[in-house]
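This report refers to the structure that appears directly beneath it.
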Amino acid sequence: MRQARTYLGILAGGDSGKSGPHSLPLPRIKKKSNHDVKMISGEAPIVFSMACELFIEELTRRSWTMTMEGKRRTLHKEDVASAVITTDIFDFHVNLVSNCSNSDVAQPIIGT
1 MRQARTYLGI
11 LAGGDSGKSG
21 PHSLPLPRIK
31 KKSNHDVKMI
41 SGEAPIVFSM
51 ACELFIEELT
61 RRSWTMTMEG
71 KRRTLHKEDV
81 ASAVITTDIF
91 DFHVNLVSNC
101 SNSDVAQPII
111 GT
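Going by full-length UniProt numbering, 9 is the number at position 9 of the sequence shown; the sequence numbering is gapless.
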């Protein structure tokens, strides 16, 4: 039910009641990665931008909870990894953070 209310809030202009500007740059969202795509509807980048913002917000909240449980005031990458590992909705990132948390040196992530 939370997602439905959030989606209705997005369509109504977000929590603040305004339809823009967005935290994430819309031109970057509109950038097409697939050359077969000819057009993107007008509201798709806006909804996708808000979905990304909600994802970032939720991950940050859960990571901050891990920081507070460790009685610290600085968020570390281990807190983000712990948040991803302990939260079911972030299961699609488990392989990414488990690879990063096993190494002492940060390695660049190469997209496919």
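Quick reminder that beta carbons are idealized off the backbone N, C-alpha and C, glycines included.
Once you ignore the five residues that flank residue i on each side, which residues in its own chain have a CB closer than 7 angstroms to its CB?
{"i": "Ser82", "result": "Met66"}
{"i": "Glu43", "result": "none"}
{"i": "Ala51", "result": "none"}
Going by CA-CA distance only, name the one from the options that's closest to residue i.
{"i": "Glu58", "options": "Asp36, Arg28, Val84", "result": "Val84"}
Specify the secondary structure class of residue i as computed by DSSP and reduced to three states.
{"i": "Pro27", "result": "helix"}
{"i": "Glu69", "result": "helix"}
{"i": "Leu96", "result": "helix"}
{"i": "Glu43", "result": "coil"}
{"i": "Val37", "result": "coil"}
{"i": "Leu75", "result": "coil"}
{"i": "Thr87", "result": "coil"}
Cβ atoms of residue j and residue i: under 8 angstroms apart, would you say?
{"i": "Ser63", "j": "Leu26", "result": "no"}
{"i": "Pro45", "j": "Ile56", "result": "no"}
{"i": "Leu24", "j": "Glu53", "result": "yes"}
Among the residues of its own chain, which have a CB less than 6 angstroms from the CB of residue i, if the five just before and after it don't count?
{"i": "Val80", "result": "Ser63"}
Excluding the five sequence neighbours on either side, which residues of its own chain have a C-beta within less than 8 angstroms of the C-beta of residue i, listed in chain order?
{"i": "Val94", "result": "Val84, Ile85"}
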